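S.K.: Quick note, the sequences are listed as chains A and B, same order.
So the first sequence is numbered by the working numbering: it starts at 1 and just counts up by one.
So the second sequence is numbered by the working numbering: it starts at 1 and just counts up by one.
All residues carry an ideal CB built from backbone N, CA and C; glycine is no exception.
On a predicted model such as this, the values are computed, not experimentally measured, just so you know.
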Amino acid sequence: MEIIKTKDSILFAELYDRYGSVVYNKCLGFAKSKVEAEDLTHDIFIKLYMKLHTFKGSSKFSTWLYSFTYNFCVNYIQRNSYKTREKVQEVEAEDDSTDEITENDIFQIKTKKLKKVFSIIDPKDKMILLLKYQDELSIKELQTVLEISESAVKMRLKRAKEKVMKIYKKL
Amino acid sequence: MDNPFKKILHQEELPKMLKEKVMNDISFITLAIDMADLLAIKYPETVENLLRLKKDKN
Chain A
1 MEIIKTKDSI LFAELYDRYG SVVYNKCLGF AKSKVEAEDL THDIFIKLYM KLHTFKGSSK
61 FSTWLYSFTY NFCVNYIQRN SYKTREKVQE VEAEDDSTDE ITENDIFQIK TKKLKKVFSI
121 IDPKDKMILL LKYQDELSIK ELQTVLEISE SAVKMRLKRA KEKVMKIYKK L
Chain B
1 MDNPFKKILH QEELPKMLKE KVMNDISFIT LAIDMADLLA IKYPETVENL LRLKKDKN
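Dropping the structure here:
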């Protein structure tokens, strides 16, 4: 991508036109209001402009950008709701089942309930589940964007699914 | 089977004024970087070269 070398603002405007809407709609999934999502989108594109050189082309640009967006949103939420997150983690730690949760089990959850689960769950777990089931990244792609091993990806996915099911059952 | 993860994705329209705000800030950042480069690197380099030229002449 030429823009990475040149940092041309006209090319960056094209990049914004192409991905702005997707980024904004992903931010809406993390923000409490439209205004907050607009601020997040703005800050993500500013940071993206400064960090474009870190894209090495080892994955598709869209995949990298989604991960970049989620990371930004997760950090934002963790900064602003540290205490709430602590409480959720404590609740999750109580129950420690080892049953394998399948894709089918997860897909049984109704949209409304899933939204509710996602408003409670740790944003890091939400991020990996969205990358896997909304953006349909493969395990290999997840390895690349999260910069962790295959077994670590599988373990994080397994734990995230377990947490979703635990919260879902308590709703 | 329906994938509920696809259904929770928002489909809102991106506010138009946001692009202007982003691009204005990008222009400001670019200007600030260029100014810093000019004042902290290029200008001192030029002065240094000029002084060296004068010294060589003498």
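1) So that I know if they touch, is there some Cβ in chain A lying closer than 9 Å to that of residue 9 (chain B)?
2) Quick one: is residue 56 (chain B) buried, meaning 16 or more other Cβ sit within 10 Å of its Cβ, or exposed?
3) Could you please give the first and the last residue of the uninterrupted alpha helix (DSSP H) stretch that includes residue 102 (chain A)?
4) So the candidates are A:122, A:80, A:67 and A:77; which of them puts its Cα closest to the Cα of residue 132 (chain A)?
5) Could you give the residue range of the alpha helix (DSSP H) that holds residue 78 (chain A)?
6) For the segment 32-47 of chain B, which residues have a CB atom closer than 7 Å to at least one CB atom of chain A, in sequence order?
7) Anyone know if the C-beta pair for residue 173 (chain A) and residue 53 (chain B) falls short of 9 Å?
8) Between residue 69 (chain A) and the rest of its own chain, which residues show a CB-CB distance below 6 Å, the 5 nearest in sequence each way excluded?
9) Does the beta carbon of residue 38 (chain A) sit closer than 9 Å to a beta carbon anywhere in chain B?
10) How about the segment 26-39 of chain A and the segment 3-22 of chain B: do they share at least three Cβ pairs that are nearer than 8 Å?
11) Taking Cβ-Cβ distances shorter than 9 Å, what residues in chain A pair up with residue 20 (chain B)?
12) Please compile the residues from chain B whose C-beta is within a distance smaller than 7 Å of the C-beta of residue 42 (chain A).
13) Any beta carbon of chain B sitting closer than 9 Å to that of residue 161 (chain A)?
14) Output yes if chain B places a C-beta closer than 9 Å to the C-beta of residue 77 (chain A); else output no.
15) I'd like to know if the segment 18-33 of chain B and the segment 4-19 of chain A are in contact, where contact means that at least 3 CB-CB pairs between them fall below 8 Å.
16) Residue 4 (chain B): buried (16+ other C-beta within 10 angstroms of its C-beta) or exposed?
17) In three-state terms, what does DSSP make of residue 35 (chain B)?
M.R.: Result, derived from the coordinates:
1) At least one chain A Cβ lies under 9 Å of residue 9 (chain B).
2) Using a 10 angstroms sphere on the CB of residue 56 (chain B), the tally of other CB atoms stays under 16, which defines it as exposed.
3) Segment: none, residue 102 (chain A) is in no alpha helix (DSSP H) and carries neither H nor E.
4) In terms of Cα proximity to residue 132 (chain A), the closest of A:122, A:80, A:67 and A:77 is A:67.
5) 61-80 is the extent of the alpha helix (DSSP H) around residue 78 (chain A).
6) Nothing from the segment 32-47 of chain B brings a Cβ to less than 7 Å from some Cβ of chain A.
7) Only positions 1 to 171 of chain A appear in this structure, which leaves residue 173 (chain A) out of reach.
8) Within the same chain, residue 69 (chain A) has close Cβ partners 23, 26 and 44.
9) Closer than 9 Å: yes.
10) Look at the beta carbons and you see the segment 26-39 of chain A touching the segment 3-22 of chain B: at least three pairs across the two are nearer than 8 Å.
11) Chain A residues near residue 20 (chain B): none, gap ~10 Å exceeds 9 Å.
12) Within chain B, the residues whose beta carbon sits less than 7 Å from that of residue 42 (chain A) are 18, 21 and 22, listed in sequence order.
13) It does not; no Cβ of chain B falls within 9 Å.
14) No, no contact with chain B.
15) Result yes; three or more Cβ-Cβ pairs closer than 8 Å.
16) Note on residue 4 (chain B): 16 or more other CB atoms within 10 angstroms of its CB, so buried under the neighbour-count rule.
17) Here DSSP, grouped into helix, strand and coil, assigns residue 35 (chain B) to helix.
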